[in-house]
Amino acid sequence: MTVPTSSPEFMAHDLGGGLTFLTGRLPLELVWDRATFDVVWATQPDAKPVIHLHGRAVEVPRWQQAYGADYHFSGQTMPAAPVPPALGPLLAWSQAAVDPRLNGLLVNWYDGPGHYIGPHRDSTRGMAFGGPIVTLSFGERRVFRLTRGAGAGREVRDFAAEDGAAFVLPFATNSIWKHGVPKSARYKGRRVSVTVRAFAANSG
Numbered sequence: 062m063t064v065p066t067s068s069p070e071f072m073a074h075d076l077g078g079g080l081t082f083l084t085g086r087l088p089l090e091l092v093w094d095r096a097t098f099d100v101v102w103a104t105q106p107d108a109k110p111v112i113h114l115h116g117r118a119v120e121v122p123r124w125q126q127a128y129g130a131d132y133h134f135s136g137q138t139m140p141a142a143p144v145p146p147a148l149g150p151l152l153a154w155s156q157a158a159v160d161p162r163l164n165g166l167l168v169n170w171y172d173g174p175g176h177y178i179g180p181h182r183d184s185t186r187g188m189a190f191g192g193p194i195v196t197l198s199f200g201e202r203r204v205f206r207l208t209r210g211a212g213a214g215r216e217v218r219d220f221a222a223e224d225g226a227a228f229v230l231p232f233a234t235n236s237i238w239k240h241g242v243p244k245s246a247r248y249k250g251r252r253v254s255v256t257v258r259a260f261a262a263n264s265g
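In structure tokens form, the structure reads like this:
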């Protein structure tokens, strides 16, 4: 990862054991206005992905689409579509501000209290070694939660995923800490997250 902890773009949060999590904001010109948000919102897939969990098919509680590079998760591969014009500037900024190897995007659409993503570590299949995971948030403010351990020793760190927020999860941190966007009855609006990753050229 090329972004230094002293970068003016980001603030580094010490998670212990040499691990960090970085928070920042997109430049104002890249934060979507209502018209752009509505355009991206309208591109959500017709159906949500289905994964197999404990031997049964389960619908993912949000819409999802990969762009630029195929995305591997839960034992399956989501074929990528070409990067649309609304997402191109976000990819270019991520490459310039964080890591030039970033080349694949995953968009998640959240609508209301029933949409969330549980605690997980991202699959590193096909990812460039050491490549960070960048998350850009638009729309309704939600909680981005990091967790480690279980039971009485479980650690939780919450960060505000506000409109225009930018997070960087380093490769090493992803291997130890889980991350997620928990569900809550207080969520009433819409949120779009754009996650940017670095995939190796031969990661098909």
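Quick note, my numbering runs 61 ahead of the 1-based positions in the sequence shown. Ideal Cβ placement from N, Cα and C applies to all residues, glycine included.
Using three-state DSSP, classify Glu-70 as helix, strand or coil.
Coil at Glu-70, not helix or strand.
Can you give me the C-alpha to C-alpha distance between Val-92 and Arg-209, rounded to a whole angstrom?
31 Å
Can you confirm whether the segment 121 to 136 touches the segment 215 to 226 when touching is taken to mean that 3 or more C-beta pairs between the two stretches lie within less than 8 Å?
Judged by Cβ distances under 8 Å, the segment 215 to 226 makes no contact with the segment 121 to 136, as fewer than three pairs qualify.
Determine the DSSP secondary structure at Gly-212, reduced to helix, strand or coil.
Residue state, collapsed to three classes: helix.
Exposed or buried, what is Arg-252 when buried is set at 16 or more other beta-carbons lying within 10 Å of its beta-carbon?
buried
Alpha carbon to alpha carbon, what distance is there between Leu-87 and Ser-245?
26 Å
Could you please give me the residues that DSSP links to Val-133 through a beta bridge?
The residue you asked about is not Val; residue 133 is His in the sequence shown. Thr-138, per the DSSP bridge assignment.
Runs of beta strand (DSSP E) wholly within the segment 136 to 195 (minimum 3 residues, chain order)
With a minimum length of 3 residues, the continuous beta strand (DSSP E) runs that stay inside the segment 136 to 195 are 137 to 139, 165 to 172 and 178 to 181.
Can Pro-143 and Gln-125 be called in contact, C-beta distance under 8 Å?
no
Can you tell me which of the three DSSP states Thr-234 falls into?
helix
Return the CA-CA distance between Gly-78 and Lys-239, expressed in angstroms with no decimal places.
15 Å
Rounded to the nearest angstrom, what separates Thr-84 and Ala-262 at their Cα positions?
Their backbone Cα atoms lie some 28 Å apart in a straight line.
Where DSSP assigns a beta bridge to Ala-221, which residues make up the other side?
Val-204
If you draw a straight line from the C-alpha of Val-255 to the C-alpha of Trp-170, how long is it?
9 Å
To the nearest whole angstrom, what separates the beta carbons of Tyr-248 and Pro-174, a pair I think is in contact under 8 Å?
5 Å
The ligand PLP and Val-253: does the residue's C-beta get closer than 7 Å to at least one heavy atom of that ligand?
Only the bare structure without any ligand can be found here, which leaves the ligand PLP out of the picture.
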